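Student: Submitted below is the structure of interest, expressed as structure tokens.
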DNA sequence: TGTATAACCGAACAATGTTAATTTAGGCAT
DNA sequence: ATGCCTAAATTAACATTGTTCGGTTATACA
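Protein chains in written order, with our numbering: chain A, 770 to 1003; chain B, 770 to 1003.
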């Protein structure tokens, strides 16, 4: 009995090494955000969840924004990781682009709060060179740029091979990103809006992007191919 | 001298009829949002700007959200109005759709804070039936729906006339909206991100949407027409 | 000119992010 | 084991936020 109490007390007042506590805070913050939304998560509630006081958090993070930033960073690396996986599993370059777009959307829709944080609020400068003065590791420093370059490379490749209409590949990549982002952000924000049918909208959206990019020949080829395959045409 | 002081004092302590003060608060709030961003505008600063105390605001608005809501409402009606105007000025149905999309984007980019408020945050239920219990006038009640229906009507019309690929017109309208929204919201949020060239991205985006919608025949017709006209092809 | 309505103010409330001074857990040398 | 010393965590406060309540007083109207 004494032992148990000792253990419990020990567990409650346990001091953690900084890195471990840091990860715990981020992890709990993610969960709380998903449960209650970013706005209503306070330093106090976050501290309580971690078994420490709100003031203790400031030993691990400069301020609240630093926590948000760390979460964005984690989301970016997760996204790049998922991109890599889907790219590996899909040999056809055109289908690969579509698959990546799907991954982008699915990931965003399944991590709404993190997505909102990363792409819908301007948490310092995540998208560019991370001017955090050596605060973050250099390999994660341009996570946003890495993810975006990944997209742009596919596109310039597809342009070169004649699948896509010619044009400024950077601008096109940004336009595609914007299109995908649009649907995700709308679905996330206006949850209660009566969408006609989410799956239908998603497919309509992908179809819009795809046909917006293809050359006439590629579109024709794709149409005949998809009819032969499954009849499920985009 | 006495007179002047009296006038000034009178001006400072002037009481306004409710509706007038209400409009003043909304107007000043819009300006402050544009200057400092929504987050850092407090009830106190807003009150100061209007020449009254923060407490007085609560006689005109239930809470801060009510002010935000009113601004969203105003933005919606402005948007519908702009839609009407551009629709009038453009006879060709296809060009009309493009023009409307352009208006949507331009308006959003020139009213970033109001746009962010209206489409990027979930301020109660703006998009649906305004469950504000008779708090707003009935003709403004479904401003969001009105704007959206406006878009959907053009699209189903263009589908019927064979300009656009067939499909669920509601889902397509939502997809288009999402695509347009994507660019606006990204440009608004990531101001400091080094875009390749904003005008190029905008045109690439409109081109993406357009070609994503058109039937092959319509695309061909448009291509030849635009070459004959100005050479400025989308 | 007097009166009553309601627009406005002053002062306070609880909750938020943040900081400083203090306490104390827990690894390390002895 | 024992004692020390670093630093993780706490306690107590700060300023600022949105919001409320009871009293003041401008101002329209009789």
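A virtual CB, placed ideally from N, CA and C, is assigned to each residue, including glycine. Please read these numbers as outputs of a predicted model, since none were measured by experiment.
State the Cα-Cα distance for the pair residue 968(B) and residue 790(A), rounded to the nearest angstrom.
Tutor: Each residue's alpha carbon lies about 46 Å from the other.
Student: Have a look at residue 887(B) and residue 839(B) and give me their C-alpha separation to the nearest angstrom.
Tutor: Cα-Cα distance, rounded: 10 Å.
Student: Anything in chain A within Cβ reach of residue 936(B), meaning under 8 Å, just list it in chain order.
Tutor: Under the 8 Å cutoff, chain A gives 973 and 976.
Student: Counting beta carbon pairs with one atom in the segment 808-816 of chain A and one in the segment 838-854 of chain A, are three or more of them shorter than 8 Å?
Tutor: Judged by Cβ distances under 8 Å, the segment 838-854 of chain A makes no contact with the segment 808-816 of chain A, as fewer than three pairs qualify.
Student: Evaluate residue 941(A) with the Cβ neighbour count: other Cβ atoms within 10 Å of its Cβ, from every protein chain shown; 16 or more gives buried, anything less gives exposed.
Tutor: That one is buried.
Student: Out of curiosity, what's the CA-to-CA distance linking residue 964(A) and residue 935(B)?
Tutor: Cα to Cα, residue 964(A) sits roughly 19 Å from residue 935(B).
Student: Starting from residue 938(A), trace the alpha helix (DSSP H) both ways and give me its first and last residue.
Tutor: Residue 938(A) -> alpha helix (DSSP H) spans 938-958.
Student: Taking only the alpha-carbon atoms, compute the straight-line gap between residue 953(A) and residue 971(A) and give it to the nearest angstrom.
Tutor: Going from the Cα of residue 953(A) to the Cα of residue 971(A) covers about 9 Å.
Student: Comparing the C-beta of residue 949(A) with each C-beta of chain B, is any distance below 8 Å?
Tutor: Closer than 8 Å: yes.
Student: Quick check: what's the CA-CA separation for residue 1008(B) versus residue 981(A)?
Tutor: Past the boundaries of the shown model lies residue 1008(B); chain B is included only from 770 to 1003, so the question cannot be answered.
Student: Using a 10 Å radius around the Cβ and a threshold of 16 neighbouring Cβ atoms, would you call residue 923(A) buried or exposed?
Tutor: Answer is buried; the Cβ neighbour count reaches 16.
Student: For residue 880(A) and chain B, any beta-carbon pair shorter than 8 Å?
Tutor: No, residue 880(A) does not count as interfacial toward chain B.
Student: Are the C-beta atoms of residue 863(B) and some chain A residue less than 8 Å apart?
Tutor: Chain A, which has no Cβ nearer than 8 Å to the Cβ of residue 863(B), makes this no.
Student: If you measure between the beta carbons of residue 885(A) and residue 975(A), is that distance less than 8 Å?
Tutor: It is not a contact, given that the beta carbons lie outside the stated cut-off.
Student: Answer yes or no: do residue 892(B) and residue 832(B) have a C-beta to C-beta separation smaller than 8 Å?
Tutor: No, the Cβ-Cβ distance between residue 892(B) and residue 832(B) is not below 8 Å.
Student: Give the residues of chain A in contact with residue 889(B), contact being defined as C-beta atoms less than 8 Å apart.
Tutor: Per Cβ cutoff of 8 Å: 889, 954 and 958.
Student: Which residues, in order along the segment 960-971 of chain A, keep a beta-carbon less than 8 Å from a beta-carbon of chain B?
Tutor: Per Cβ criterion, the list reads 960, 961, 962, 963, 964, 965, 966, 969 and 970.
Student: Report the residue from 842(B), 863(B) and 868(B) whose alpha carbon sits nearest the alpha carbon of residue 853(B).
Tutor: Answer by Cα proximity: 868(B).
Student: I'd like to know whether the C-beta atoms of residue 843(A) and residue 795(A) end up nearer to each other than 8 Å.
Tutor: Closer than 8 Å, so yes.
Student: Is it buried or exposed for residue 938(B), if we count other Cβ within 10 angstroms and need 16 for buried?
Tutor: It counts as buried.
Student: Residue 789(B) lies in the alpha helix (DSSP H); which residues open and close that run?
Tutor: Element bounds for residue 789(B): 787-805.
Student: For a minimum of 4 consecutive residues, which ranges assigned as the alpha helix (DSSP H) are wholly contained in the segment 806-861 of chain B?
Tutor: Listed in chain order, they are 812-819, 823-826 and 833-858.
Student: Measure the alpha-carbon distance for residue 787(A) versus residue 829(A) and round it to whole angstroms.
Tutor: Taking the straight line joining both Cα atoms gives about 7 Å.
Student: Compute the Euclidean distance between the alpha carbons of residue 928(A) and residue 803(A), then round it to the nearest angstrom.
Tutor: If you take the alpha carbons of residue 928(A) and residue 803(A), they lie about 39 Å apart.
Student: Assuming contact is defined by CB atoms lying nearer than 8 Å, are residue 956(B) and residue 878(B) in contact in what I supplied?
Tutor: It is a contact, given that the beta carbons lie within the stated cut-off.
Student: For residue 876(B), list the residues DSSP reports as bridge partners.
Tutor: Paired residues: none, contrary to the question.
Student: Please report how far the alpha carbon of residue 817(B) lies from the alpha carbon of residue 823(B), in whole angstroms.
Tutor: Rounded to whole angstroms, residue 817(B) to residue 823(B) spans 7 Å at the Cα level.
Student: Would residue 835(A) count as contacting chain B if we go by Cβ distances under 8 Å?
Tutor: Output row for residue 835(A): interface = no.
Student: Of all the CB atoms in chain A, is at least one closer than 8 Å to the CB of residue 902(B)?
Tutor: Reliability fails at residue 902(B), whose pLDDT of 37 lies under 50, so the model's placement of it is uncertain and the value that follows must be treated cautiously. It does not; no Cβ of chain A falls within 8 Å.
Student: When you compare only the Cα positions, how much space is there between residue 785(A) and residue 837(A)?
Tutor: The alpha-carbon atoms of residue 785(A) and residue 837(A) are separated by roughly 21 Å.
Student: Considering only the beta carbon of each residue, do residue 944(A) and residue 977(B) sit closer than 8 Å?
Tutor: In this structure, residue 977(B) lies closer than 8 Å to residue 944(A) by Cβ.
Student: Buried or exposed: residue 931(B), going by 16 or more other Cβ atoms within 10 Å of its Cβ?
Tutor: It is exposed - the Cβ of residue 931(B) has fewer than 16 other Cβ atoms within 10 Å.
Student: Examine chain B for any beta-carbon lying closer than 8 Å to the beta-carbon of residue 944(A), and answer yes or no.
Tutor: So yes, residue 944(A) belongs to the interface.
Student: At the 8 Å Cβ level, is residue 981(B) part of the contact set with chain A, yes or no?
Tutor: Chain A contact via Cβ: present.
Student: Below 8 Å between beta carbons: does that hold for residue 949(A) and residue 926(B)?
Tutor: Result no, Cβ atoms of residue 949(A) and residue 926(B) do not sit closer than 8 Å.
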